[in-house]
Structures are given as structure tokens and as C-alpha cells.
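Below is one structure, written out as C-alpha cells, with a few remarks after it.
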Amino acid sequence: MTLADRLRSTDAEARISAIGALAARGAAAPEELEALAECLGHARKAVQRPAAEAFAALHAAGVAVDSILERSLQARDSRRRWGAAFAMALVGEPPARTLPVLLETLGADDGDVRWAAASILLRVKNRTRLIGSLVGLVTRGTATQRKMALYCLRHLDARSAPLERAVTAALGDAAWDVHLAAIAVLPRVAVDRDAAAERLLAELAAPDVRFRRAAAAALGALGHRAGSVIAALRGAAAGPDPSLRKAAEGALGRLGGDEVNGR
Numbered sequence: 348m349t350l351a352d353r354l355r356s357t358d359a360e361a362r363i364s365a366i367g368a369l370a371a372r373g374a375a376a377p378e379e380l381e382a383l384a385e386c387l388g389h390a391r392k393a394v395q396r397p398a399a400e401a402f403a404a405l406h407a408a409g410v411a412v413d414s415i416l417e418r419s420l421q422a423r424d425s426r427r428r429w430g431a432a433f434a435m436a437l438v439g440e441p442p443a444r445t446l447p448v449l450l451e452t453l454g455a456d457d458g459d460v461r462w463a464a465a466s467i468l469l470r471v472k473n474r475t476r477l478i479g480s481l482v483g484l485v486t487r488g489t490a491t492q493r494k495m496a497l498y499c500l501r502h503l504d505a506r507s508a509p510l511e512r513a514v515t516a517a518l519g520d521a522a523w524d525v526h527l528a529a530i531a532v533l534p535r536v537a538v539d540r541d542a543a544a545e546r547l548l549a550e551l552a553a554p555d556v557r558f559r560r561a562a563a564a565a566l567g568a569l570g571h572r573a574g575s576v577i578a579a580l581r582g583a584a585a586g587p588d589p590s591l592r593k594a595a596e597g598a599l600g601r602l603g604g605d606e607v608n609g610r
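Spelled out as C-alpha cells, the structure:
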């Protein structure tokens, strides 16, 4: 049985062993590269990830892997597209052409895969295009993509009126986890701090305690020391819900410590 045959084995352990052998050899024939690329779309991450790592090892050894990864990036199988984008990110700086696949993968069923895609997205150098794409996803993506796009935006340290409008609009999202993400992200993107504080104060009075807790923490992150904010947080800190009390006390501490807490 050839190495290419082993890379196409129906037995996952056989594939993993063959991937390791190919990476250690540091050289690959075209048929072996094609078989390795097929492993990028394997149903098991235990095969998919080593295959991506093998591509990075082969690239480091001087093997030309760009063309096979480019073709895999256009594959019909979404798992293979993701595997190719992941391999490209291991090879070097994530190229702009991986952006559509990474954005698509933010909606994956597997949480580990979603967060891996998010981590790679944060390494994309063209921040203007990245932010625009994420804002578009907040508006038009699936619920999972909307949530993940918001969490990516939280880490980009970007503020603009269009970005703020998109996050503010997401406060009205029907999906609770998207709504929750929007609360957490608003302090990081807000341009109009007064308006953001008012939005978060409304969330602090929401029927759902999850939103109230998130709003309390977000008001602390916003850093807006208006009297209405301090009063609302003090009220939440005196309430019956322990987790909300803790979040409100933490926010008050961030806004001024003992002075704000009135001690």
C-alpha cells in the first residue's frame, strides 16, 4: 500500500499515521499532496488538524503547497474549505482570499471550529475590509454568525458610527445570545457614549436577568460616570439576584471604587 493509499484509508488512525510520516519526510509527490488535501475535509478533527499541520511542515521544508491549498479553498465541501484556510493560516499570515471561508466558518456547528476561525480572523491585516465584512455578517448572517461576528468586533478596538449602529441594532436581535453579545460589545465600539449609556440602562431594566447582568458589566466597561448610571447600578447592587449584585458591584468599582460606592 502506498503512502497516498494510506492517506485515503477508511481507518482514521491509519490516516493519522500516514500524515505524520509524510510531514516527517519533508517531501511529497503530487499524488500524496492531493491525498493529504483530501484529509483536510475529513469528518474527524483528529485527522483534519494534523493534515493542516503537515501542509505547514511541508511548506517549511520547501515543498510547493500553495496551489493545492488554493484549489482546496474553492472545494465544494465546507470542511475542506475550512481545512485549507486553517492550513494557510499555519503557513503564514492569513491571506485575504481566506476571508470568505473564515466568515462562513463562524457559523459552524462545532464551537471549537468557530473559535478557531475567529482567532484566525483577528490576524487578518486588512482591518478595514475585515470590519466591513463582520458588520455585514452582524446584519445578514445566521444567528451563530451574528453572535461570533460581534465577539470578533469586540477584540478589534475599532470605533465608528456605522459599527456602533450595527451593534446597537443587534440589541434588538430575536436570538438571545446575539442580543447578549451586542450588550457586551457596545462599550468597545461606542462613539456616542451618552447614547450607549442610555441603551445599556434600558438593558439593565430588561425582564431577562441575563441581559441585566451583561448590562451591568457593560456599564462598568463603558466608563460613563453619569448620575443616572451610578444610581441604576447601586439599585442593581442592592437587588436580590446574587449574580446581578456581583456584576453591578464590579461595575461600580470600575467606575470609581469606594468613592462611587458611597463608602
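The letter at position 116 of the sequence shown is residue 463 when you use the numbering used here, and the numbering goes up by one with no holes.
The C-beta atom is built at its ideal place from N, Cα and C for all residues, glycine as well.
Test item: CB-CB of residue i and residue j under 8 Å
i, j, result
"VAL438", "HIS389", "no"
"ARG559", "LEU551", "yes"
"ALA401", "ILE363", "no"
"GLY298", "ALA544", "Here the chain comprises residues numbered 348 to 610, so residue 298 is not present and cannot be evaluated."
"ALA361", "ARG353", "yes"
"SER419", "ALA384", "yes"
"ARG427", "LEU453", "no"
Enclosing alpha helix (DSSP H) for residue i [first to last residue]
i, result
"GLY479", "474–487"
"MET435", "425–438"
"GLY539", "Per the sequence shown, residue 539 should be read as Asp rather than Gly. Looking at the DSSP string, ASP539 is not in any alpha helix (DSSP H), and its letter there is neither H nor E."
"HIS406", "392–407"
Outcome for residue i when other beta-carbon atoms lying within 10 angstroms are tallied against a minimum of 16
i, result
"MET421", "For the record, residue 421 in the displayed sequence is Gln; it is not Met. So GLN421 ends up on the exposed side."
"THR486", "exposed"
"GLY430", "buried"
"PRO587", "exposed"
"MET348", "exposed"
"LEU466", "It should be noted that the sequence gives Ser, not Leu, for residue 466. Exposed, since its Cβ has fewer than 16 Cβ neighbours within 10 Å."
"VAL556", "exposed"
"THR445", "buried"
Own chain partners of residue i with C-beta closer than 7 Å, once the 5 adjacent residues on each side are dropped
i, result
"ALA490", "ALA522, VAL525"
8 Å Cβ shell around residue i - same chain, five flanking residues per side excluded
i, result
"THR357", "none"
"GLY609", "Annotation note: pLDDT 44 at GLY609 (below 50); position unreliable, no value reported."
Closer than 7 Å: residue i CB and nearest the ligand FMN heavy atom
i, result
"ALA465", "Within the structure as shown, the ligand FMN is missing, as the structure has no ligands at all."
Close Cβ partners of residue i (< 6 Å) along its chain, the five nearest in sequence each way excluded
i, result
"LEU468", "LEU449, CYS499"
"ALA651", "Lying outside 348 to 610, the shown extent of the chain, residue 651 is not represented and no answer is given."
"ASP605", "For ASP605, the predicted structure reports a pLDDT of 43, less than 50, and the residue's modelled location is therefore unreliable. A value from the coordinates is still provided. Cβ within range, chain order: n/a, list empty."
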